[in-house]
Structures are given as structure tokens and as C-alpha cells.
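Trainee: The structure under discussion is supplied below as C-alpha cells; questions concerning it will follow.
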Amino acid sequence: MTASPPPSASKRADHDKGKPAIFLHLLIALAYLGLAAAVLLLGPRYAMVLIDPVPLFMLLAVVIVLLGIILHAGVVLRARIGRQSRQFSALHREVKALRSGIEIALQKLETLEGTSPPDSEPGRDLNEVVAEVRVLQSLIEELWTKREASAGHADDTAETAEAEILPPKQKTRQAVLAGRESSTDDPMLSAREILEIVREGLRNNRIELMMQPIVTLPQRRVAHYECLSRIRTKSGLLITPSHYIGLAEEEGLIGAIDNMTLFRLVQHVRRHRPPAPDGRFFCNISIHSLADAGFFKQFLEFLTANASLSKSIVFEFSQANFPAVGDVARDNMLSMAAAGYRFSLDHVENLDIDPEEYAALGFKFLKIESGLLLSYAEHEPPLLDIGLLKGALDRVAIDLIVDKVESEALLLRVLDHPIDFGQGYLFGGPQVDGKSAR
């Protein structure tokens, strides 16, 4: 295997290659500009016409310049397309080599798996490794496919996509540290920039896992953690999902993000114990991922091979776009429940719910924002009896979590009602993976 040149040598080589190209473009420009100047200066002198020849040759010179610019642009575009084609070819070769290596590793692992006793602990560990490698292989294939498919039209749609993807309040370079969003006066991030941040984060393993505590009320003992994904930029800043989830779903990258988040969470679970004996780590999964047949097949295979994780991980889904009866995503959710995994309903906006329906699907937690809960409970007359809701949840063993508890005054109002758990910056904000483990 040949050694790759050092970065400094590579940069010098690229710089040296760029010099002839610059001189070539200068020569081309000088050629058509010189031709136009010659026509303009010498044409009227030798023209055999009755009218004033100067305007005619000025027009001819302009035409020559325009034609030269058009031809020059064509040469530049052709060179750029050729360069991008070579880059994609090189990337394709790298991905093929990586796939080949993974396939060889899979064959060796499966051979070892066949020689292990079926009931032995090493055999079970090997099953988990095989499942992880297979999901990683699908992640690599998905990233290559999405990159190749979007390469042709990313530049054309970059300017218009910004207005479609980002709400006005989010059109800033918001650097989110420890989970808090803060608007700045920095230039806007275009859709293309955000998409590149997402792809770079996936390629270079810059998906950060952050943990926010969920505490018992009123004791404030840490019982669970919600795992929140952030994408770290090259400059070290963290970008929140509100900036990239919509774009990732449209570009088909949300499954890759969910995959990477799950891998980071599994690594964390294996390194750290839950904060309480029955504590769980909450992991957000997009409904779009559940509806993706290619993603879910590998995903379920991984979950089944790692059945012990069902005691530590709860998958969290948003009430918005919740799958209806007969929907593929709903059927896949039932498959996850059959494998022993349980769920939490997040971003609840409508409290007119049937707890028994959610319990039948495998839900064990219901998360409501403090503002929504209090708007129902403190309305005159009350729009909802929180005690009755809590009783209905208790009958089907669903715990009630109130999130976005940000102050002591707000907590006092929340504690006027029967609540199992609380979450919010009052109890602790998201912290980078590992720092929050207790």
C-alpha cells in the first residue's frame, strides 16, 4: 500500500496545478479581447464602405467579445464538470472499497458466529456486532446514494430552497451550545450550507449526543435522560435539529441521522448505567424513518439483535403526523413493540387522546409542555381535569412528563397537579454525551 502524500505537499500540488489553468484562462480572454480590439482599430481603416464604418466595427467588436465570453464560459463549465466527475469517481471507488471491507468483515463474523455455542454470551455479543456492522453498511450506502442523487440539482435549487425550508425566525447562523438556541446577527445559513453541514457531520462522525435530565416530582431526583442530537460544525459550534430536520427529511437523510444517533446512544448506554434502577434513555425517531422500508428493515434487525437495550431505551415520537391505523409506520411501530421496546409521545398539542390506544401500541410515557398543560388546567372554567387525565394514564401504566419547566414559579404551578416527572432547564440543560451521566 502506498503512503499518501502529506497535506502540505498535496496543497502545493493543487496550487501548482492551478497556475497553468489560470494562465490558460488569461490567454483565452486576451485572445478574444485582442481580436475585438484589432477589429475595432483596424477595421474602419481598411473598410470600403460609403457610410461611417466606426459604429459598424464597434458592434462587431462587441459581438466578438460576447461570443468569446460565451465560449470561455463553456470551457470553464466543461472543466468544472470534468473535475466534479473525477471527484465523484474517486469517492465512488472509496465507498466500494469500504463496502468490500465491510462484506469481508461480515463473512468472518458470521463464520465465527457459526462456530460459537448458540447459548453462550460471546455468541450473543457477536450477534450484536454483526447487526451493528450491517446497519453501518446500509448507512454508508444511503449516504452515497443520496449524495449522488442530489449532486445534479443541489446548486440549481440552493437559492430558492432557503425560503422554503427555514422559517423566518430561524434564518440565522444560530450556534446552539448546551441545547439553547440564541439568535445572532451573523449571515443567514442557506439550505445548501445546512445540507453540507449535515453531510459533513454524518461523514466525519460529528453527530453529538446530548443528555437532558428528566426528574421525579416533587423530589427532583434524576430518573431518566432524553438524548438530543446536535451536529457539530467545523468551527466547533452545535446546530440544533430545528435547523436541519426539515431539510434532512426532504433530502432523505433523516434515516442516516436516526441511525447515527442510535449508534451514539448505544455506545453511551454500554458505558454508563441509567440514573435510576428503572431509568431509561429517551431517543427521538422520525416517523419518516419508520415509513422507510429500507431503513426499518436494518433498524429492526439491529433492535432484535440487541434485545437487552429494550430495558434502557425508550423511543420518542411526535404527536404531529402520528401514523393512522393501517399506515406502514404504525405497523412498524408494532413490530418494535413486539421486540420489547417501549415509546414516549412528545410534542403533544391535542390533549383529546385515548390512553388505551397508545398503551396498546407500546407507549409508556406522555410528554406535555408546561404551557399547554397550564392553559388547559387554569382556564376558567378548566378545559381539562388533569386529575382525570392522570387517572386514565395510570390505569394503562403511562407516566406523565411535563417539559419546558424553566423557573421555580412555573414549577409551583405545575405541582398543583398530579405529575410524575418534569423536564426543563430548571432541572438541567442538555450536556454533551458522558458529562451528564451520574
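For the sequence shown, the working numbering assigns the number 2 to the initial residue and increments by one for each residue that follows. For every residue, glycine included, the Cβ atom is placed at its ideal position computed from N, Cα and C.
(1) Do you know how far the Cα of L248 is from the Cα of A74?
(2) Between which residues of its own chain and V270 is the CB-CB distance below 8 Å, once the five residues before and five after are set aside?
(3) In the DSSP assignment, the beta strand (DSSP E) including G423 goes from what residue to what residue?
(4) Relative to the C-alpha of V433, which candidate in A393, H418, L92 and R265 has its C-alpha closest?
(5) Of the choices K298, V66 and E357, whose alpha-carbon is the least far from that of Q332?
(6) Taking only three categories from DSSP, how would you classify K147?
(7) According to the neighbour-count rule (16 or more other Cβ atoms, all chains shown, within 10 Å of its Cβ), is L167 buried or exposed?
(8) To the nearest angstrom, how far is the alpha carbon of M211 from that of P242?
(9) For a quick check, are the C-beta atoms of I288 and S345 less than 9 Å apart?
(10) CA-CA distance, N285 and F296?
(11) Hey, out of Q220, A393 and E209, whose CA is closest to L238's CA?
(12) Looking at C-alpha atoms only, which residue of L389, H225, P275 and N351 is the closest neighbour of H418?
(13) Which of helix, strand or coil does DSSP assign to V403?
(14) Should V63 and A37 be called a contact, given that it needs their Cβ atoms to be closer than 9 Å?
(15) Using the rule of at least 16 other Cβ atoms within 10 Å of the residue's Cβ for burial, across every protein chain shown, is A410 buried or exposed?
(16) Which partner residues does Y342 have in the DSSP bridge list?
(17) Kindly provide the ranges of any alpha helix (DSSP H) runs that are 4 or more residues long and lie completely inside the stretch 181-225, ordered along the chain.
(18) Taking the alpha-carbon positions, what's the I369 to L229 distance?
(19) Locate the beta strand (DSSP E) running through K365, then write down its first and last residues.
(20) Looking only at its chain, what residues have a beta carbon closer than 6 Å to the beta carbon of E163, apart from the 5 residues adjacent to it on each side?
(21) How many whole angstroms separate the CB atoms of A378 and L367, which I take to be in contact at a CB cut-off of 8 Å?
(22) Between E381, S376 and F323, which has its C-alpha nearest F364's C-alpha?
(23) Can you tell me whether D353 is buried or exposed? The criterion is at least 16 other CB atoms within 10 Å of its CB, across all chains shown.
(24) State the Cα-Cα distance for the pair S85 and E201, rounded to the nearest angstrom.
(25) Quick one: Cα of Y226 to Cα of P383, how far?
(26) Quick check: what's the CA-CA separation for V406 versus L394?
(27) Report back the beta-carbon spacing between A325 and H348 to the nearest angstrom; my notes put them in contact at under 8 Å.
(28) With a threshold of 16 other CB atoms inside 10 Å of the CB of F92, please say whether the residue is buried or exposed.
(29) Is it true that the CB of G83 sits closer than 9 Å to the CB of Y33?
(30) Tell me, to the nearest whole angstrom, how far the beta carbon of F89 is from that of L218; I am working on the premise that it is less than 8 Å.
(31) Is F24 buried or exposed, if buried means 16 or more other CB atoms sit within 10 Å of its CB?
(32) Have a look at M337 and L301 and give me their C-alpha separation to the nearest angstrom.
(33) Going straight from the alpha carbon of L412 to that of A294, what length do you get?
(34) State the Cα-Cα distance for the pair Y342 and E251, rounded to the nearest angstrom.
(35) Report buried or exposed for Q220, applying the criterion of at least 16 other Cβ atoms within 10 angstroms of its Cβ.
(36) With distances taken between CB atoms, is the gap from V329 to A360 smaller than 9 Å?
Mentor: Taking the structure as given:
(1) Translated into positions along the sequence shown, residue 74 becomes position 73. Translated into positions along the sequence shown, residue 248 becomes position 247. Cα to Cα, the separation comes out at about 32 Å.
(2) Here the question's residue 270 lines up with position 269 in the sequence shown. These residues qualify, in order along the chain: F282, L310, S313 and I314.
(3) As a first step, residue 423 must be located in the sequence shown, where it is residue number 422. Element bounds for G423: F422 to Q424.
(4) Counting from one through the sequence shown, the residue named residue 433 turns up at place 432. Closest by alpha carbon: R265.
(5) Against the sequence shown, residue 332 aligns to sequence position 331. Per the sequence shown, residue 332 should be read as Asp rather than Gln. Among K298, V66 and E357, the Cα nearest to that of D332 is on K298.
(6) Here residue 147 corresponds to residue number 146 of the sequence shown, with the count starting at 1. Residue confidence for K147 is low, a pLDDT of 49 falling below 50, so the modelled location carries little weight and cannot support an answer.
(7) On the sequence shown, position 166 is the one that residue 167 refers to. For L167, the predicted model reports a pLDDT of 34, less than 50, meaning its position is unreliable; a value from the coordinates is still stated below. Buried, by the Cβ-count rule.
(8) Within the sequence shown, residue 211 is the residue found at index 210, counting from 1. Within the sequence shown, residue 242 is the residue found at index 241, counting from 1. About 12 Å.
(9) Here residue 288 refers to the residue found at position 287 when the sequence shown is read from its first residue. Here residue 345 refers to the residue found at position 344 when the sequence shown is read from its first residue. No, these two residues do not count as a Cβ contact at 9 Å.
(10) As a position in the sequence shown, residue 285 is number 284, starting the count at 1. As a position in the sequence shown, residue 296 is number 295, starting the count at 1. Each residue's alpha carbon lies about 15 Å from the other.
(11) Against the sequence shown, residue 238 aligns to sequence position 237. Of all alpha-carbon atoms in Q220, A393 and E209, the one lying nearest the alpha-carbon of L238 is that of E209.
(12) Position 417 of the sequence shown, counted from the start, is the residue given in the question as residue 418. When the alpha-carbon of H418 is set against those of L389, H225, P275 and N351, the nearest one is in L389.
(13) Here residue 403 is taken as the residue at index 402 of the sequence shown, counted from 1. V403: strand per DSSP, three-state reduction.
(14) Sequence index remark: in the sequence shown, residue 63 carries index 62 (1-based). Sequence index remark: in the sequence shown, residue 37 carries index 36 (1-based). In this structure, A37 lies closer than 9 Å to V63 by Cβ.
(15) For the purposes of this step, residue 410 is identified with residue 409 of the sequence shown, where counting begins at 1. It counts as exposed.
(16) By 1-based counting over the sequence shown, the position of residue 342 is 341. According to DSSP, residue pairing for Y342 in a beta bridge does not occur.
(17) 192-204
(18) As a working mapping, residue 369 is identified with position 368 in the sequence shown. As a working mapping, residue 229 is identified with position 228 in the sequence shown. Answer to the nearest angstrom: the Cα atoms are 17 Å apart.
(19) Position 364 of the sequence shown, counting from 1, holds the residue named residue 365. Unbroken beta strand (DSSP E) run through K365: F364 to E370.
(20) The residue you call residue 163 lines up with position 162 of the sequence shown. Its pLDDT being 35, under 50, E163 is placed unreliably by the model, and nothing is read from it.
(21) Translated into positions along the sequence shown, residue 378 becomes position 377. Translated into positions along the sequence shown, residue 367 becomes position 366. Not quite, the Cβ-Cβ distance comes to about 15 Å (not below 8 Å), so this is no contact.
(22) For the purposes of this step, residue 364 is identified with residue 363 of the sequence shown, where counting begins at 1. Distances from the CA of F364 to each of E381, S376 and F323 were compared; the closest alpha carbon is that of F323.
(23) Here the question's residue 353 lines up with position 352 in the sequence shown. With fewer than 16 Cβ atoms within 10 Å of its Cβ, D353 is classed as exposed.
(24) For the purposes of this step, residue 85 is taken as the residue at position 84 of the sequence shown. For the purposes of this step, residue 201 is taken as the residue at position 200 of the sequence shown. It is worth fixing the name first, because residue 85 is Gln in this sequence and not Ser. Cα to Cα, Q85 sits roughly 17 Å from E201.
(25) Residue 226 sits at position 225 when you count from the first residue of the sequence shown. Residue 383 sits at position 382 when you count from the first residue of the sequence shown. Using only the alpha carbons, I get a separation of about 32 Å.
(26) For the purposes of this step, residue 406 is identified with residue 405 of the sequence shown, where counting begins at 1. For the purposes of this step, residue 394 is identified with residue 393 of the sequence shown, where counting begins at 1. About 21 Å.
(27) Counting from one through the sequence shown, the residue named residue 325 turns up at place 324. Counting from one through the sequence shown, the residue named residue 348 turns up at place 347. Contact doesn't hold; Cβ gap of about 17 Å is too wide.
(28) Along the sequence shown, read from residue 1 onward, the residue named residue 92 stands at position 91. Contrary to the premise, residue 92 reads as Leu rather than Phe in this sequence. The residue in question, L92, is exposed, as its Cβ has fewer than 16 Cβ neighbours within 10 Å.
(29) As a first step, residue 33 must be located in the sequence shown, where it is residue number 32. As a first step, residue 83 must be located in the sequence shown, where it is residue number 82. No, the Cβ-Cβ distance between Y33 and G83 is not below 9 Å.
(30) Residue numbering aside, residue 89 sits at position 88 when the sequence shown is read from its first letter. Residue numbering aside, residue 218 sits at position 217 when the sequence shown is read from its first letter. About 54 Å separates the two Cβ atoms, so there is no contact after all.
(31) Against the sequence shown, residue 24 aligns to sequence position 23. F24 should be labelled exposed.
(32) Along the sequence shown, read from residue 1 onward, the residue named residue 337 stands at position 336. Along the sequence shown, read from residue 1 onward, the residue named residue 301 stands at position 300. If you take the alpha carbons of M337 and L301, they lie about 7 Å apart.
(33) If you number the sequence shown from 1, residue 412 lands on position 411. If you number the sequence shown from 1, residue 294 lands on position 293. Going from the Cα of L412 to the Cα of A294 covers about 42 Å.
(34) Residue 342 sits at position 341 when you count from the first residue of the sequence shown. Residue 251 sits at position 250 when you count from the first residue of the sequence shown. The alpha-carbon separation between Y342 and E251 amounts to approximately 28 Å.
(35) Locating residue 220 in the sequence shown gives position 219, counting from the first residue. Q220 comes out exposed.
(36) Taking the first residue of the sequence shown as 1, we reach residue 329 at position 328. Taking the first residue of the sequence shown as 1, we reach residue 360 at position 359. No, they are not a contact pair.
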